[in-house]
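Contents: one structure, followed by commentary.
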Amino acid sequence: MRHSTGIKLLVLLCLHGLMATLYFAWPEQAKRLEAPLDDWRIRLLQPDNTGPDPRLALIDIDDASLAQEGRWPWPRARIAKLIQTLQAHEPALIGVDILFPDQTGQSTTLADALSADNITTSLVWTTSGIPAHGALPEKIRCLNDCEALPRIRSWINNTSALQGHEQAHISPITDSDGTVRRVFPLVCHQATCVETLALSLMRQLLGSTPAYQLRQQHSGIALTSTDNLLTVPLEQDMSLRIPWYSPNGNAIPWVSAKDVLNNHLPDDFLNGRVLILGSSAVGLHDRISTPTAPDYPAVEAHALLLQGLLNQNFWSTPTHGHRWAWAIGLAIALLLTRVITRQRPRAALVIASIAVACWGLFALARQQHGEFWPLVPVLATTAGTLLVLIPWTSLDAIRARDILQRQFSHYVAPPVLNRIRQHPEQVIGMEPERRIMTVLFADMRNFSAYAAHIDPEYLANVLQIIMDRLTYVIHQHGGTVDKYIGDAVMAFWGAPLADTEHALHGTEAAAALCAEMDRVAAEYNLPLKLSVGVNSGEVVVGEFGSSHRRSYTLIGAPVNLAAHLEAATRQTPYAILLGPGTCALLPPAIGGAPVELQLSSQPGTTHARGLLPIEATH
Numbered sequence: 001m002r003h004s005t006g007i008k009l010l011v012l013l014c015l016h017g018l019m020a021t022l023y024f025a026w027p028e029q030a031k032r033l034e035a036p037l038d039d040w041r042i043r044l045l046q047p048d049n050t051g052p053d054p055r056l057a058l059i060d061i062d063d064a065s066l067a068q069e070g071r072w073p074w075p076r077a078r079i080a081k082l083i084q085t086l087q088a089h090e091p092a093l094i095g096v097d098i099l100f101p102d103q104t105g106q107s108t109t110l111a112d113a114l115s116a117d118n119i120t121t122s123l124v125w126t127t128s129g130i131p132a133h134g135a136l137p138e139k140i141r142c143l144n145d146c147e148a149l150p151r152i153r154s155w156i157n158n159t160s161a162l163q164g165h166e167q168a169h170i171s172p173i174t175d176s177d178g179t180v181r182r183v184f185p186l187v188c189h190q191a192t193c194v195e196t197l198a199l200s201l202m203r204q205l206l207g208s209t210p211a212y213q214l215r216q217q218h219s220g221i222a223l224t225s226t227d228n229l230l231t232v233p234l235e236q237d238m239s240l241r242i243p244w245y246s247p248n249g250n251a252i253p254w255v256s257a258k259d260v261l262n263n264h265l266p267d268d269f270l271n272g273r274v275l276i277l278g279s280s281a282v283g284l285h286d287r288i289s290t291p292t293a294p295d296y297p298a299v300e301a302h303a304l305l306l307q308g309l310l311n312q313n314f315w316s317t318p319t320h321g322h323r324w325a326w327a328i329g330l331a332i333a334l335l336l337t338r339v340i341t342r343q344r345p346r347a348a349l350v351i352a353s354i355a356v357a358c359w360g361l362f363a364l365a366r367q368q369h370g371e372f373w374p375l376v377p378v379l380a381t382t383a384g385t386l387l388v389l390i391p392w393t394s395l396d397a398i399r400a401r402d403i404l405q406r407q408f409s410h411y412v413a414p415p416v417l418n419r420i421r422q423h424p425e426q427v428i429g430m431e432p433e434r435r436i437m438t439v440l441f442a443d444m445r446n447f448s449a450y451a452a453h454i455d456p457e458y459l460a461n462v463l464q465i466i467m468d469r470l471t472y473v474i475h476q477h478g479g480t481v482d483k484y485i486g487d488a489v490m491a492f493w494g495a496p497l498a499d500t501e502h503a504l505h506g507t508e509a510a511a512a513l514c515a516e517m518d519r520v521a522a523e524y525n526l527p528l529k530l531s532v533g534v535n536s537g538e539v540v541v542g543e544f545g546s547s548h549r550r551s552y553t554l555i556g557a558p559v560n561l562a563a564h565l566e567a568a569t570r571q572t573p574y575a576i577l578l579g580p581g582t583c584a585l586l587p588p589a590i591g592g593a594p595v596e597l598q599l600s601s602q603p604g605t606t607h608a609r610g611l612l613p614i615e616a617t618h
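Okay, so the sequence shown: first residue is 1 according to full-length UniProt numbering, each after it adds one.
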């Protein structure tokens with residue numbers, strides 16, 4: 001059993017070690033596994049209603065605006081008018097989530113509108129090798145440990161006349177499942193870097209210097225401005241999680257571009273706000289899939305990220321979160337292994353459910369503080385342990401029951417065998433162990449003289465009848481038949497199932513065996529009587545023998561004394577002799593005559609008690 005448990009533990013350690021190695025060796029694949037669970041947690045913890053943010057507003061070229069002003073693309077003079085109207089409301093900053101890569105005859109008007117120092121225009125980038133369009137801004141630098149930042153190879157920017165005072169990228173990270181969850185806050189090409197739109201607007205609001213550095217902090221890697229006014233925690237791949245908290249789209253107020261152009265807004269509504277100009281119109285195809293919705297206006301992602309920066313509400317994975325999750329998962333796996341190998345699969349399922357639920361609740365609690373603790377390591381180790389060990393242990397249990405059935409079917413009564421099948425863990429002596437038990441030897445007197453004058457075939461038939469009848473009596477008294485030794489039988493009590501009254505049951509069986517032998521002798525006219533020796537004490541019970549043949553039996557001094565007591569009955573008037581170990585465990589009512597014996601195997605005098613056989617009734 002210990003050997004089997006050791007093998008199971010080794011297999012599980014190898015399995016979990018392999019899973020952890022793959023998890024850390026292929027982080028992108030690990031993120032794919034974690035992503036749906038993260039999305040579920042984000043949806044679960046969506047606030048009921050936060051109310052519109054008074055610091056921000058989204059200026060939306062929506063379907064109503066397109067219906068009034070005409071289909072997209074609008075004339076650039078109209079966009080210029082929209083921006084000039086917005087400027088009249090004295091906003092703090094305006095971010096333009098629209099690209100103007102081509103030069104037109106109306107670009108001069110728009111260029112004037114975009115030249116204001118509170119305007120940030122946009123560009124998109126890619127890592128592919130397609131030709132770049134437009135120039136990269138050269139304002140932003142990374143000054144320290146910047147090699148880990150993502151490198152871009154190509155980009156599309158506005159024409160030089162339409163590039164604003166500040167420029168930022170609007171390219172999110174689209175995962176393999178098509179969902180946007182993160183953005184790179186800073187990307188670089190050679191010595192030039194470009195901020196994401198939200199980070200650029202945040203830096204401008206703080207008045208921070210346009211220079212960054214990467215720092216290793218207690219909580220992980222962070223992107224900080226060189227004047228330390230701005231700090232953003234990053235994931236290991238230098239990305240930044242977007243805080244997707246936007247209940248029913250109400251976190252950021254939306255303003256239709258139509259209402260701006262028609263001057264339908266209150267005078268002070270946009271005053272002092274940071275405005276982001278973009279579009280939610282379906283026809284403009286600027287929509288993305290997010291953890292909270294499969295069809296989401298991309299412009300709001302920038303607003304939500306800026307809101308998170310303003311609130312210092314960052315989402316990130318703790319530095320050693322993955323290692324801790326695997327350590328917790330391994331601890332759960334070890335606990336489950338201990339429970340399952342003890343044949344308690346239901347308890348293991350309950351423990352696994354509680355452990356996973358506790359880890360999930362911990363992760364949800366920490367998520368409200370911006371920490372995303374991984375769920376996959378705990379789920380993987382728990383599920384892997386259950387899926388491997390429960391079937392394996394169940395098969396072992398079936399095999400063990402079959403082995404026990406074959407092993408004990410000739411030793412014990414059917415009711416005891418059924419109990420062994422139902423509770424194999426209660427079997428004593430599956431590995432040799434010390435127990436206090438009672439052993440009985442019963443032999444037939446005069447058998448050798450009788451056998452000398454009887455046909456062997458008839459003698460074999462008679463002997464089988466006798467042994468069948470004696471075995472039935474032993475089983476009726478809860479005993480286990482150890483072996484048949486010619487015309488003798490050895491039995492014991494206290495194994496393979498525990499018996500607290502083994503001495504009493506063995507003594508009662510001895511009397512019953514003598515009575516049964518008298519009945520058999522009368523029925524078949526046999527000149528035979530039974531001699532019985534019974535003794536109790538500490539023995540070693542278990543399987544003994546060679547690698548070719550083994551048997552379930554007892555060894556120890558009390559066994560030898562019981563055999564010698566049976567032989568000594570021929571020196572006394574008693575059919576049953578009880579050894580000192582058995583007498584010490586019997587109630588006084590059993591009685592018996594004191595007998596002092598000088599046995600060659602025992603030093604000094606052996607004090608026994610003799611019982612007369614019970615006469616058979618006819």
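Here a beta-carbon is modelled for each residue, glycine too, at the ideal position from N, C-alpha and C.
Annotation for W125: the continuous beta strand (DSSP E) segment containing it runs I119 to T126. Between the stretch 123 to 130 and the stretch 148 to 160 there are three or more inter-stretch CB-CB distances shorter than 8 Å, so the stretches are counted as touching.
In this structure, the beta-carbon distance from V416 to T382 does not fall below 8 Å.
Inter-residue distance for A77 and L58 is about 21 Å (C-alpha atoms, whole angstroms).
For D482, the enclosing beta strand (DSSP E) begins and ends at T480 to I485. DSSP places Q68 within a helical segment (H, G or I) once states are collapsed to three. In the DSSP annotation of this structure, the continuous segment of the alpha helix (DSSP H) that includes I474 starts and ends at P456 to Q476.
Rounded to whole angstroms, the gap between the alpha carbons of A293 and F184 is 21 Å. Just so you know, the alpha carbons of N560 and V534 end up roughly 10 Å apart.
Along the length of the stretch 208 to 274, whole beta strand (DSSP E) runs at least 3 residues long occupy 211 to 217, 220 to 225, 231 to 233 and 254 to 256, reported in chain order.
Rounded to whole angstroms, I119 and L336 show a C-alpha spacing of 60 Å.
Just so you know, the alpha carbons of L379 and R43 end up roughly 20 Å apart.
Counting along the chain, V282 sits inside no beta strand (DSSP E), nor does DSSP assign it H or E at all. Taking all protein chains shown into account, L612 has fewer than 16 neighbouring C-beta atoms within 10 Å of its C-beta and is therefore exposed. From the listed residues A557, W74 and I252, the smallest Cα separation to G51 is found for I252. If you look at N560, you'll find it isn't in any beta strand (DSSP E); it sits in the alpha helix (DSSP H) that goes A557 to A568.
Within the model, the alpha-carbon separation for R570 versus R342 is close to 49 Å. When rounded, the separation of the alpha-carbon atoms in T553 and I474 is 16 Å. Taken through DSSP and simplified to helix, strand or coil, I59 comes out as strand.
The residue from L9, L18, S171 and C142 with its alpha-carbon nearest to that of A301 is S171. The three-state secondary structure of W155, taken from DSSP, is strand. In the structure shown, I276 adopts extended strand secondary structure according to DSSP, grouped into three states.
One Cα belongs to L470, the other to L330, and the distance between them is close to 55 Å. A straight-line Cα-Cα distance of about 11 Å links I466 and D443. A257 places its beta carbon less than 8 Å from that of L82. As the crow flies, the alpha-carbon of G579 is around 39 Å from that of A397. In the DSSP assignment, G537 forms a beta bridge with M437. Note that the stretch 223 to 233 does not touch the stretch 274 to 292; fewer than 3 beta-carbon pairs, one per stretch, sit closer than 8 Å. The DSSP assignment places complete alpha helix (DSSP H) segments of no fewer than 4 residues inside the stretch 339 to 376 at 345 to 367, in order along the chain. Under DSSP, G95 takes part in a beta bridge, and its partners are T120 and I276. Beta-bridge pairing by DSSP links D443 to A488 and S531. Comparing alpha carbon positions, the residue from L186, G6, H133 and R141 closest to S160 is H133.
Contact between L136 and V194 holds: CB atoms are separated by about 7 Å, below the 8 Å threshold. At least 8 Å separates the beta-carbon of V274 from that of L375. Beta-bridge partners of E516 (DSSP): none assigned.
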